[in-house]
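This report refers to the structure that appears directly beneath it.
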Amino acid sequence: MDDKVNYTLVGAFVLTLSALLIAGVLWLSAGLGGRDAMDPYQAVIQESVAGLNLNAPVKYLGVDVGKVDRIAIDPQNPLQVRLHFLVKRGTPIKVDSVGVLKAQGLTGIAYIEISGGSAEAQALGPGPDGAPPTIPFKPSLSARLENVLSSVLANVDRVSNNLNAVFDADNRAALKSTLADLASVTHTLAGQQAAISAGVADAAKAARLTARAGEQFGPTLDSIQESAQAVERMADVTAQASARAGEAADTTTASLQTISQQTLPDLARLMAELNQLSASLRRLSEQAAGNPSSLLLGSPTPTPGPGESPP
């Protein structure tokens, strides 16, 4: 019996079987991945993508819709990471859709989560020059926590520095002195508790007396108000009387002006004529008293003087 084994045939069989297995796996994977048409999308992330690997899932509201096929540093900004991923055609990615980087549980394996846009928004279209549509990204939870913790730590550090500056040796000594003075004042107030209580009681009594005086002063205020109103009415009457007196004074002034302009000149002429008549009567009386016959014969002829001839 021939027990020789043809190792060449065995090797050929093993290689053929291995090739068939590899081809089957590739065919199955290609078949599973090629069931649905895929559309390319891209995104720019301004944070670390630690835990995100190639072929990481892309989810839309938790539903697997694609995978990441390229991760690279943005050549235009080294602080950014540019992602390229494939999404099933027909996925409703709108212009207001937003992506975020999330981690799966405690494993730390990251994936892309896309939140749905509003129903009335338009579909996200390709970029210029036919570039894949760019989905805007918002910071992940870990990035937001890191920013918040950094801000909190910075504030704590600043507060600590301020406290150290406030409570230096000089300020501690001043605070200690102030506390000692406050304790002394407290002891002094405690010793004067009886006087303070009496002062408070006196203040309360004064407040009650003030309130009572205010109640009694109310009618007086009413009387004063009535008197003020009466004085105001009197002032109005006086103002009216003054106005009428002013009108009368104006009328009197006009009358005096008329008398002084018209009557006084005539009266002056009459007085002058009366003075002339009085003088004439006085001369006539004197002539009659010295020579009564002159009333009938007229005035006597005057005696000529020395060297004069009679008329």
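Each residue of the sequence shown is one higher than the one before, counting from 0 in our numbering.
Heads up, the beta-carbon is just placed ideally off N, CA and C, and yes, glycines get one too.
Please list, in chain order, all residues of the same chain as residue i whose beta carbon is under 6 Å from its beta carbon, the five residues on each side excluded.
i: G32; result: Residue confidence for G32 is low, a pLDDT of 47 falling below 50, so the modelled location carries little weight and cannot support an answer.
i: E214; result: none
i: G10; result: none
i: A172; result: none
i: D221; result: none
i: A120; result: K93, V94 and D95
For residue i and residue j, I'd like the C-alpha separation in whole angstroms.
i: L8; j: D35; result: 41 Å
i: L269; j: E285; result: 24 Å
i: A18; j: N5; result: 20 Å
i: R243; j: E225; result: 27 Å
i: D201; j: A193; result: 12 Å
i: P125; j: S159; result: 52 Å
i: N163; j: N76; result: 41 Å
i: R157; j: V151; result: 10 Å
i: K204; j: E231; result: 39 Å
i: L144; j: G61; result: 22 Å
i: L148; j: S139; result: 14 Å
i: P127; j: N154; result: 44 Å
i: Q239; j: A229; result: 15 Å
i: G23; j: N54; result: 20 Å
i: N146; j: K137; result: 13 Å
i: G198; j: S176; result: 30 Å
i: H186; j: A206; result: 29 Å
i: A355; j: Q191; result: No answer is possible for residue 355: it lies beyond the span of the chain, which begins at 0 and ends at 310.
i: V236; j: I195; result: 59 Å
i: A267; j: M233; result: 48 Å
i: L280; j: E246; result: 49 Å
i: I21; j: N52; result: 23 Å
i: A278; j: T250; result: 40 Å
i: P218; j: A210; result: 14 Å
i: R282; j: Q275; result: 11 Å
i: L188; j: D167; result: 31 Å
i: F12; j: T133; result: 50 Å
i: D73; j: G129; result: 19 Å
Are residue i and residue j closer than 9 Å when you measure CB to CB?
i: V94; j: A71; result: no
i: V48; j: V80; result: yes
i: A96; j: G115; result: As written in the sequence, residue 96 is Ser, which differs from the Ala given in the question. Result yes, Cβ atoms of S96 and G115 sit closer than 9 Å.
i: P39; j: P135; result: no
i: M37; j: R88; result: yes
Name, in chain order, the residues that DSSP records as bridge partners for residue i.
i: G98; result: I113 and F136
i: I70; result: L82
i: Y59; result: V62 and I113
i: V43; result: R81
i: A122; result: K93
i: K87; result: M37
i: Q275; result: DSSP output for Q275 lists no bridge partner at all.
i: Q228; result: In DSSP, Q228 forms no bridge with anything.
i: Q103; result: I108
Would you grab the beta carbon distance between residue i and residue j for me? Rounded to a whole angstrom, and I think it's under 8 Å.
i: I92; j: I111; result: Not really, about 12 Å apart at Cβ, beyond 8 Å.
i: V67; j: L82; result: 6 Å
i: V86; j: V64; result: 5 Å
i: Q45; j: L78; result: 7 Å
i: Y59; j: T15; result: With 8 Å as the limit, Y59 and T15 do not qualify as a contact, their Cβ atoms being about 43 Å apart.
Which same chain residues end up closer than 8 Å to residue i when comparing Cβ atoms and leaving out the 5 residues on each side of it in sequence?
i: G50; result: A102, G107, I108 and A109
i: V184; result: none
i: V165; result: none
In its own chain, which residues sit with a C-beta less than 7 Å from the C-beta of residue i, not counting the 5 before and 5 after it?
i: M0; result: A caution first: M0 carries a pLDDT of 46, below 50, which makes its placement in the model too unreliable to give a value.
i: A179; result: none
i: N170; result: none
i: F84; result: Y40, V57, G65, K66, V67, D68 and I111
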